[in-house]
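Numbered by full-length UniProt numbering, the letters in the sequence shown go through residues 1 to 495 in order.
Working notes for the structure below.
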Amino acid sequence: MTRVVIVGNGMAGARLAEELRRRERDPARLGIVVFGAEPRAAYNRILLSNVLAGSITARDTRLRPDDWWARNGVDVRVGVRVTGIDTATRTVHGDDGTALGYDELVLATGSVPFVPRIEGMAADDTHVVAFRTVEDCERIAEAAGRGRRAVVLGGGLLGLEAARGLLLRGADVTVVHPKAVPMERQLDDGGGRVLTRVLTGLGVQVLLGRRAVALRRDHTGRTLVLGDGTELPADLVVFTAGIRPATELAAAVGATVEHGIVVDDALHTDVPHVWAIGECAQHRGEVYGLVQPGWEQAEVVADRITGADAAAEYHGTPPVTRLKAHDIDLASMGDVGADLHDGEHEVLTVADPARGRYAKLVVADERIVGAVLLGSPDVVGTVTQMFDAKLPVPHDRMALLTGRPGTSVESVSPAGMPGSAVICRCNSVTKSSLTGAWRAGARSVAALATATRATTGCGGCGSTVEGICEWLRTTDPQNEHDEDTTQPARKEGAA
Ligand SMILES: Cc1cc2nc3c(=O)[nH]c(=O)nc-3n(C[C@H](O)[C@H](O)[C@H](O)COP(=O)(O)OP(=O)(O)OC[C@H]3O[C@@H](n4cnc5c(N)ncnc54)[C@H](O)[C@@H]3O)c2cc1C
Numbered sequence: 001m002t003r004v005v006i007v008g009n010g011m012a013g014a015r016l017a018e019e020l021r022r023r024e025r026d027p028a029r030l031g032i033v034v035f036g037a038e039p040r041a042a043y044n045r046i047l048l049s050n051v052l053a054g055s056i057t058a059r060d061t062r063l064r065p066d067d068w069w070a071r072n073g074v075d076v077r078v079g080v081r082v083t084g085i086d087t088a089t090r091t092v093h094g095d096d097g098t099a100l101g102y103d104e105l106v107l108a109t110g111s112v113p114f115v116p117r118i119e120g121m122a123a124d125d126t127h128v129v130a131f132r133t134v135e136d137c138e139r140i141a142e143a144a145g146r147g148r149r150a151v152v153l154g155g156g157l158l159g160l161e162a163a164r165g166l167l168l169r170g171a172d173v174t175v176v177h178p179k180a181v182p183m184e185r186q187l188d189d190g191g192g193r194v195l196t197r198v199l200t201g202l203g204v205q206v207l208l209g210r211r212a213v214a215l216r217r218d219h220t221g222r223t224l225v226l227g228d229g230t231e232l233p234a235d236l237v238v239f240t241a242g243i244r245p246a247t248e249l250a251a252a253v254g255a256t257v258e259h260g261i262v263v264d265d266a267l268h269t270d271v272p273h274v275w276a277i278g279e280c281a282q283h284r285g286e287v288y289g290l291v292q293p294g295w296e297q298a299e300v301v302a303d304r305i306t307g308a309d310a311a312a313e314y315h316g317t318p319p320v321t322r323l324k325a326h327d328i329d330l331a332s333m334g335d336v337g338a339d340l341h342d343g344e345h346e347v348l349t350v351a352d353p354a355r356g357r358y359a360k361l362v363v364a365d366e367r368i369v370g371a372v373l374l375g376s377p378d379v380v381g382t383v384t385q386m387f388d389a390k391l392p393v394p395h396d397r398m399a400l401l402t403g404r405p406g407t408s409v410e411s412v413s414p415a416g417m418p419g420s421a422v423i424c425r426c427n428s429v430t431k432s433s434l435t436g437a438w439r440a441g442a443r444s445v446a447a448l449a450t451a452t453r454a455t456t457g458c459g460g461c462g463s464t465v466e467g468i469c470e471w472l473r474t475t476d477p478q479n480e481h482d483e484d485t486t487q488p489a490r491k492e493g494a495a
């Protein structure tokens with residue numbers, strides 16, 4: 001029997017356990033043990049923004065029903081932190097006294113929130129909270145409420161999702177961000193300025209180009225002091241100032257660690273039998289802060305360890321980011337830095353700042369290499385599929401950006417999409433999963449949502465799922481052969 005030990009029961013670790021079991025069903029041949037420091041079964045962390053906004057509960061974020069793991073022969077040790085690894089004897093040690101041998105060890109330890117250095121900020125202050133776990137979410141929700149003053153430190157994706165959630169809970173919200181525009185890693189200056197206007201219009205105070213330097217506590221409460229002397233009374237401080245890959249275990253066993261744990265295209269570290277995936281891993285210089293790369297990496301490691309594809313390789317994932325905030329529809333993908341007169345790229349922008357709309361397309365060799373879509377939910381699905389699948393851009397780029405009727409693009413119609421196209425990013429649901437669920441009896445958008453969870457995150461994929469549902473309704477050969485399970489799936493290649 002081969003035993004794989006996974007350290008980290010987060011999104012990448014749990015996915016790896018599933019992928020391993022999918023390839024080798026027999027627990028007597030492949031033992032899978034997952035250690036998770038958090039006190040609960042694996043959940044979809046990216047849905048925490050929806051939990052904070054109050055649209056779902058923490059329980060709705062579970063990746064699988066509670067008993068799924070045991071039923072599938074996955075031994076999950078919830079609430080146990082791995083504190084040491086002995087690579088000579090191939091043993092991991094847990095903080096509950098466990099010592100367990102492994103054949104292959106996969107580090108999927110994720111990241112920890114970066115704690116900004118702020119004078120007077122105390123580690124035990126329950127009104128100063130990060131935004132990473134269910135427990136953080138509960139603490140924020142408890143401290144926030146109608147009329148409470150909340151300050152969010154960091155105007156990246158997480159900070160803005162936290163700000164929107166706090167606003168929906170009735171708090172007065174201020175976002176403090178050190179750069180000239182929010183989400184500067186995903187937006188160009190034009191898009192960032194329109195986004196600032198949108199946030200301000202919703203009631204968020206946005207303070208740019210400033211940092212918090214001190215937190216004072218006295219009988220009147222807490223006051224955050226910014227570098228320029230501004231004083232902000234705060235009942236709650238949420239810090240979303242970035243993340244740091246959790247690399248200590250890897251460093252302790254002598255694996256190369258730069259920003260993250262350095263891995264090769266096999267996702268292997270330079271220590272024998274030790275792999276790393278997800279946010280803790282650094283591949284070709286890149287440390288991703290997104291779930292999709294970790295899930296793709298999990299497939300490669302599962303292929304290699306089980307021998308399903310012993311030569312599988314990971315070559316990187318083009319980043320697609322979607323802000324999951326009520327009333328703000330924002331997607332950003334690829335490299336959006338090129339300006340309008342860039343010699344190497346074709347760049348288009350459409351801006352309507354007063355109505356909170358901004359769109360930018362960066363094209364090279366007839367392919368989309370970057371895009372910003374703010375306030376254009378109708379075109380996000382099409383542009384994302386084109387970017388993901390590297391499909392040629394239609395000749396009339398402007399029609400694509402504005403989603404003009406009659407300019408639908410055949411190559412991203414449901415029929416033309418590859419089965420691997422990710423339709424719902426929040427739940428990583430592919431076109432194949434939707435087709436499979438349809439054939440298993442889910443014959444409406446609601447039923448597909450129940451079966452696959454597509455549309456249950458930010459909801460941005462709703463129209464694409466509707467399109468796929470309609471396409472299956474009109475074209476799927478199994479509609480006429482519902483009872484005939486021997487009927488081959490005619491469109492297997494495409495679905
Ligand atoms: C509020 C929020 C919204 C987000 N939105 C998006 C989004 O829209 N799109 C997107 O792509 N990404 C989003 N992300 C990022 C996404 O959640 C992460 O990229 C993803 O969770 C990374 O998966 P991971 O398994 O590498 O790390 P995690 O999910 O963080 O899992 C790591 C796990 O390892 C555990 N662990 C660490 N050390 C040990 C140890 N020594 N022993 C045992 N267990 C250990 C940790 O406790 C944790 O449970 C969001 C994140 C947050 C917090």
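Each residue gets a CB set at the ideal place from its N, CA and C atoms; glycine is no exception.
Nonlocal neighbours in the same chain, by C-beta distance under 7 Å from R45, ignoring five residues either side: On the sequence shown, residue 45 is found 45 positions in, with the first residue counted as 1. Once the five neighbours on either side are set aside, the close Cβ partners of R45 are G10, M11.
Check: L340 C-beta below 7 Å from any heavy atom of ligand 1: Here residue 340 is taken as the residue at index 340 of the sequence shown, counted from 1. Outside the cutoff, so no.
Selected residue, minimal CA-CA separation from G285, among T450, Q292, H259, A302: Counted from its first residue, the sequence shown places residue 285 at position 285. When only C-alpha atoms are compared, the closest one is H259.
Local Cβ density within 10 Å of G227, reported as buried at 16 or more and exposed below that: By 1-based counting over the sequence shown, the position of residue 227 is 227. Its Cβ having fewer than 16 others within 10 Å, G227 is exposed.
The alpha helix (DSSP H) enclosing P293, as first and last residue numbers: Within the sequence shown, numbered from 1, the residue matching residue 293 stands at position 293. Counting along the chain, the alpha helix (DSSP H) containing P293 begins and ends at 291–306.
The region 221–236 contacting the region 148–156, beta-carbon criterion three pairs below 8 Å: yes
Contacts around H268, its chain only, beta-carbon distance under 7 Å, and the 5 residues preceding and following it disregarded: For the purposes of this step, residue 268 is identified with residue 268 of the sequence shown, where counting begins at 1. Cβ neighbours of H268 within its own chain (closer than 7 Å, five residues either side excluded): W275.
Closest by C-alpha distance to E344, when choosing among L323, V363, G278, R132: Position 344 of the sequence shown, counted from the first residue, corresponds to residue 344. Comparing Cα-Cα distances from E344 to each of L323, V363, G278, R132, the minimum goes to V363.
Closest residue to P178 among D396, D172, L167, G159 (Cα-Cα distance): Position 178 of the sequence shown, counted from the first residue, corresponds to residue 178. Of the candidates D396, D172, L167, G159, the one whose C-alpha sits nearest the C-alpha of P178 is G159.
When R322, R244, L202, V291 are compared against M183, the one with the closest alpha-carbon: What you label residue 183 is simply residue 183 of the sequence shown in a count that begins at 1. Comparing Cα positions, the closest option is R322.
F387 - DSSP class collapsed to helix/strand/coil: For the purposes of this step, residue 387 is taken as residue 387 along the sequence shown, with counting starting at 1. When secondary structure is reduced to three states using DSSP, F387 falls in the helix class.
Endpoints, the alpha helix (DSSP H) within which S49 is located: Numbered from 1 along the sequence shown, position 49 holds the residue referred to as residue 49. Its alpha helix (DSSP H) spans residues 48–53.
M333 - containing alpha helix (DSSP H), residue span: Taking the first residue of the sequence shown as 1, we reach residue 333 at position 333. Segment 328–334 is the beta strand (DSSP E) holding M333; no alpha helix (DSSP H) there.
Residue range of the beta strand (DSSP E) that includes L208: Position 208 of the sequence shown, counting from 1, holds the residue named residue 208. Segment 205–208, the beta strand (DSSP E) holding L208.
R164 Cβ short of 7 Å to ligand 1 heavy atom set: The count along the sequence shown starts at 1 and reaches residue 164 at position 164. R164: no, Cβ never under 7 Å from ligand 1.
Collapsed DSSP secondary structure at R397 in the structure displayed: Within the sequence shown, residue 397 is the residue found at index 397, counting from 1. Of the three classes helix, strand and coil, the one that applies to R397 here is helix, per DSSP.
D75 - partner residues in DSSP beta bridges: Mapped onto the sequence shown, residue 75 falls at position 75. Answer by DSSP bridge pairing, in chain order: V33.
Cβ-Cβ distance between K390 and V372 below 8 Å: Here residue 390 is taken as the residue at index 390 of the sequence shown, counted from 1. Here residue 372 is taken as the residue at index 372 of the sequence shown, counted from 1. No, these two residues do not count as a Cβ contact at 8 Å.
Pairwise C-alpha distance: A130 and F239: The count along the sequence shown starts at 1 and reaches residue 239 at position 239. The count along the sequence shown starts at 1 and reaches residue 130 at position 130. Near 5 Å, if we compare the C-alpha coordinates of A130 and F239.
L215 versus G154: straight-line alpha-carbon distance, rounded: Here residue 215 corresponds to residue number 215 of the sequence shown, with the count starting at 1. Here residue 154 corresponds to residue number 154 of the sequence shown, with the count starting at 1. If you take the alpha carbons of L215 and G154, they lie about 16 Å apart.
Ligand 1 heavy atom lying under 7 Å from the CB of G155: As a working note, residue 155 is residue 155 in the sequence shown. No, since every heavy atom of ligand 1 falls outside the 7 Å radius drawn around the Cβ of G155.
Proximity test, A150 beta-carbon vs ligand 1 heavy atom, cut-off 7 Å: Stepping through the sequence shown from its first residue, residue 150 is reached at position 150. No - ligand 1 has no heavy atom lying nearer than 7 Å to the Cβ of A150.
Endpoints, alpha helix (DSSP H) assigned at A251: Position 251 of the sequence shown, counted from the first residue, corresponds to residue 251. That run of the alpha helix (DSSP H) goes 248–252.
Backbone CA spacing between Q478 and V429 [nearest angstrom]: For this step, residue 478 is matched to residue 478 along the sequence shown. For this step, residue 429 is matched to residue 429 along the sequence shown. Q478 and V429 have their C-alpha atoms roughly 21 Å apart.
Beta-carbon spacing of T256, Y288 below 8 Å: The residue given as residue 256 occupies position 256 in the sequence shown. The residue given as residue 288 occupies position 288 in the sequence shown. For T256 and Y288, no; Cβs fall outside 8 Å.
Per-residue DSSP class, three states only, for I118: Here residue 118 refers to the residue found at position 118 of the sequence shown. Note: I118 maps to coil in three-state DSSP.
Under the three-state DSSP convention, the category E286 falls into: The residue labelled residue 286 in the question sits at position 286 within the sequence shown. Strand.
Contact set for R23: own chain, Cβ-Cβ below 6 Å, skip 5 residues either direction: For the purposes of this step, residue 23 is taken as the residue at position 23 of the sequence shown. Closer than 6 Å at Cβ, skipping near neighbours: A302, T306, A308.
Sufficient close CB pairs (3 or more, under 8 Å) joining the region 322–335 to the region 28–44: no
Supposed contact pair V7 and V82 - C-beta distance, whole angstroms, cut 8 Å: By one-based count along the sequence shown, residue 82 stands at place 82. By one-based count along the sequence shown, residue 7 stands at place 7. 5 Å between Cβ atoms; contact.
Closer than 7 Å: Q292 CB and nearest ligand 1 heavy atom: For this step, residue 292 is matched to residue 292 along the sequence shown. Q292 Cβ: within cutoff of ligand 1.
Delimiting residues of the alpha helix (DSSP H) encompassing G192: Against the sequence shown, residue 192 aligns to sequence position 192. Here the alpha helix (DSSP H) through G192 covers 189–202.
Simplified DSSP assignment, three categories, for G278: Reading the sequence shown from its first residue, position 278 is the one you call residue 278. Looking at G278 - three-state DSSP - the assignment turns out to be helix.
Residues of its chain near R211, where Cβ-Cβ distance is below 6 Å and the 5 sequence neighbours each way are ignored: Start at 1 with the first residue of the sequence shown, and residue 211 comes out as number 211. Same-chain partners within the cutoff: P178, G227.
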